[in-house]
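Right, one structure below, let's go through it.
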Amino acid sequence: MYVIQQSKLKKGLPKETLSICPVCKKVIPATIYEENGKVMYKKTCPEHGEFKDIYFGDVETYLRYEKWAVDGVGVKNPQIKGTNCPLDCGLCELHYSHTSLANIDLTNRCNLKCPICFANANAAGYVYEPTFEQVVKMMEVLRNEQPVPTPAVQFAGGEPTIYPYFLEVVRKAKELGFAQIQVATNGVRIAHEPDFAQKMVDAGLHTVYLQFDGFKESTYIKTRGRPGFLKEKLQALEYLRHTKPKPLATVLVPVIVKGVNDDEVGKIIEFGLENLDVVRSVNFQPVSFAGRIPQDELIVGRYTQGDLINDLIKQTDYFEKRDFFPIPVAALFSELASQLFRQPYVAFTSHPHCGTATYIFKDYDRNKVIPITRFIDVEGLLEELQPKILEAKFQGKSKIFSVPYLYRIFKKYYDESQAPSHFKLKEILDIFKEGTKDSLGKLHWDSLFIGAMHFQDEYNYDLERLKRCVIHYATPDGRIIPFCAYNSGPVYRTEVEKKFSMSLDEYRKRYGNAVGTEGA
Numbered sequence: 295m296y297v298i299q300q301s302k303l304k305k306g307l308p309k310e311t312l313s314i315c316p317v318c319k320k321v322i323p324a325t326i327y328e329e330n331g332k333v334m335y336k337k338t339c340p341e342h343g344e345f346k347d348i349y350f351g352d353v354e355t356y357l358r359y360e361k362w363a364v365d366g367v368g369v370k371n372p373q374i375k376g377t378n379c380p381l382d383c384g385l386c387e388l389h390y391s392h393t394s395l396a397n398i399d400l401t402n403r404c405n406l407k408c409p410i411c412f413a414n415a416n417a418a419g420y421v422y423e424p425t426f427e428q429v430v431k432m433m434e435v436l437r438n439e440q441p442v443p444t445p446a447v448q449f450a451g452g453e454p455t456i457y458p459y460f461l462e463v464v465r466k467a468k469e470l471g472f473a474q475i476q477v478a479t480n481g482v483r484i485a486h487e488p489d490f491a492q493k494m495v496d497a498g499l500h501t502v503y504l505q506f507d508g509f510k511e512s513t514y515i516k517t518r519g520r521p522g523f524l525k526e527k528l529q530a531l532e533y534l535r536h537t538k539p540k541p542l543a544t545v546l547v548p549v550i551v552k553g554v555n556d557d558e559v560g561k562i563i564e565f566g567l568e569n570l571d572v573v574r575s576v577n578f579q580p581v582s583f584a585g586r587i588p589q590d591e592l593i594v595g596r597y598t599q600g601d602l603i604n605d606l607i608k609q610t611d612y613f614e615k616r617d618f619f620p621i622p623v624a625a626l627f628s629e630l631a632s633q634l635f636r637q638p639y640v641a642f643t644s645h646p647h648c649g650t651a652t653y654i655f656k657d658y659d660r661n662k663v664i665p666i667t668r669f670i671d672v673e674g675l676l677e678e679l680q681p682k683i684l685e686a687k688f689q690g691k692s693k694i695f696s697v698p699y700l701y702r703i704f705k706k707y708y709d710e711s712q713a714p715s716h717f718k719l720k721e722i723l724d725i726f727k728e729g730t731k732d733s734l735g736k737l738h739w740d741s742l743f744i745g746a747m748h749f750q751d752e753y754n755y756d757l758e759r760l761k762r763c764v765i766h767y768a769t770p771d772g773r774i775i776p777f778c779a780y781n782s783g784p785v786y787r788t789e790v791e792k793k794f795s796m797s798l799d800e801y802r803k804r805y806g807n808a809v810g811t812e813g814a
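For the sequence shown, the residue numbers in this note's numbering are 295 to 814.
See below:
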């Protein structure tokens, strides 16, 4: 029933880890250390010399995040018996985390040609588009993962909504029992087909991850190469808002590029708060670099989670550093549920420096935004629960947890006078009492989840992060590959796509000049 274990990560600074050379991709040692309030990264390849980068833009937050590191217990049925990370991905026995969210690329075709896209869809020179049967096989592999069947799948690409069997695979995902079915989309098809959002709902889709890079025309020209794109985003959001029986839950996904749209992160949050009927979350993604980049440009252009947190503090009047926590904090509550209900639950046991999260609440009665840390002492709660959870695991004392016990603990760290007027602590406890997705659905808070996931590139590649990745890709050959291995480093994406692709000419002969092939 256990899904986490004590972390094996080294803590404090400086420390050593393993990385790769950005040129030859060989595994080389790297050092993580502090310099002028930032966490830096340095590595030397015997053949290609020294590389230096910013690992995390705020040392205070970096060190605080380490406190909440926990490791997963891996998968019981790995596809590969790997011993040579990162060259034996599949998942292998070295991987600590099961799949929390799986990506399935439905196609590398796209109706855009974004300058910053790591999928590089239109320029690849071939079409990668798994058959419906191959996609079903990938989903079955995910649902057969042990000890926790993959609970969430996100269809991606390319642009997944132009895949010819898109709605069919959504229906199949629902049939296979995925609790969360998502699509990562640029919103173009949603904006131009008024009934498409409703069709996605009817097929079983739960969430739209909508690419949303801010409000400036210059941003969309720089990042997406598409003038007037904001109007299309807003139109897509309107159609998502008016689906029945309720708005289709939408996550805004801004890719943040330093000097381009980092001045709008606060404004994006405000936009989310103004559209809480349809927007459930904002999930920032600091841009990852591809190709050879001069050292000085890399340092100047690097934007990290630490920078994002500092910008959110500067650009709003309600955030503080203490409001933000690393993703593995959620794993502690997963373990709590696993011990309480005697069955394994999904655990986000990522590396503590992979992602950032917090919740904010809109209190209409007081006309203010309230971060969760203002009325729940999250730090104190975690400091009390973490050792008890880990002790219960290693000493077989899981029976110490009960709903009345949890109620006492939560109430101890809860300040009702500071809570939003509509917030009810009992609704949190009902989640643990019932242990079902339906109990989550009963929550009616006007809240916005703020997240950030900084995906790695060849310059800040850290094998300790890779081995703890919780966001994975399923591939047609039955493998499950960590996100950052798939898109950078050894770049399994290229290997997989070429293995299961056809030439542009062959695709055009079969299907004509389909979207995403005409100008490639």
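Heads up, the beta-carbon is just placed ideally off N, CA and C, and yes, glycines get one too.
* **Bridge partners - residue 655, DSSP secondary structure assignment** => 664 and 741
* To do: Name, in chain order, the residues that DSSP records as bridge partners for residue 709.
  => None; residue 709 has no bridge partner.
* Asked: How is residue 795 classed by DSSP in three states: helix, strand or coil?
  -> strand
* Give the DSSP-derived three-state secondary structure of residue 327 in the structure shown. => strand
* **Proximity winner among 547, 647 and 570, relative to residue 600 (alpha-carbon distances)** => 647
* **Beta carbon of residue 751 nearer than 8 Å to that of residue 582** => yes
* What are the start and end residues of each continuous beta strand (DSSP E) run of 3 or more residues lying completely inside the stretch 565-650, in chain order? -> 573-580
* To do: Locate the beta strand (DSSP E) running through residue 300, then write down its first and last residues.
  => 298-300
* **Beta-ladder partner(s) of residue 516, from DSSP** => None, per the DSSP bridge assignment.
* Straight-line gap, residue 400 to residue 563 (C-alpha atoms, nearest Å) -> 30 Å
* Asked: What residue from 456, 644, 398 and 471 has the CA that sits closest to residue 450's CA?
  -> 398
* To do: Any chance you could list the beta strand (DSSP E) runs of at least 3 consecutive residues sitting entirely within the stretch 395-464, in chain order?
  => 395-399, 420-422 and 446-450
* Would you check if there are 3 or more beta carbon pairs closer than 8 Å linking the stretch 431-443 to the stretch 382-395? => yes
* Beta-carbon proximity list for residue 296, same chain, < 8 Å, skipping 5 on both sides -> 367, 629, 632, 633, 638 and 687
* **Under the three-state DSSP convention, the category residue 345 falls into** => strand
* Asked: Going by the beta-carbon positions, is the gap between residue 619 and residue 643 smaller than 8 Å?
  -> no
* Asked: Taking C-alpha atoms, which residue in 318, 700 and 547 lies nearest to residue 517?
  -> 547
* To do: In angstroms with no decimal places, state the Cα-to-Cα distance between residue 543 and residue 525.
  => 20 Å
* Asked: When the distance is taken between beta carbons, is residue 746 closer than 8 Å to residue 610?
  -> no
* Quick one: grab the DSSP three-state call for residue 492. => helix
* Pair every Cβ in the stretch 782-792 with every Cβ in the stretch 343-350, then say whether three or more of these pairs are closer than 8 Å. => no
* Burial state of residue 332, where buried means 16 or more other Cβ atoms lie within 10 Å -> buried
* Among 640, 300 and 326, nearest to residue 308 - alpha-carbon criterion -> 326
* Just the Cα atoms here: how many angstroms apart are residue 337 and residue 589? -> 13 Å
* State whether the stretch 531-542 contacts the stretch 694-710, with contact taken as three or more CB pairs (one from each stretch) at a distance under 8 Å. => no
* Asked: Which word fits residue 571, buried or exposed, when buried means at least 16 other C-beta atoms lie within 10 angstroms of its C-beta?
  -> exposed
* 8 Å contact criterion, which residue 456 and residue 809 should meet: CB distance rounded -> 5 Å
* **Coarse secondary structure for residue 487, derived from DSSP in three states** => coil
* Top-ranked residue by Cα proximity to residue 621, from 385, 759 and 796 -> 759
* Asked: Below 8 Å between beta carbons: does that hold for residue 479 and residue 454?
  -> yes
* State the CB to CB distance for the pair residue 684 and residue 300, rounded to an integer number of angstroms; the pair is presumed to be in contact (CB under 8 Å). => 6 Å
* Asked: Span of the alpha helix (DSSP H) holding residue 369?
  -> Element bounds for residue 369: n/a, residue is neither H nor E.
* Can you give the Cα-Cα distance for residue 312 and residue 382, rounded to whole angstroms? -> 16 Å
* **Three-state class that DSSP yields for residue 505 in the structure shown** => strand
* Asked: Which value, in whole angstroms, describes the spacing of the CA atoms of residue 698 and residue 716?
  -> 23 Å
* Starting from residue 339, trace the beta strand (DSSP E) both ways and give me its first and last residue. => 332-339
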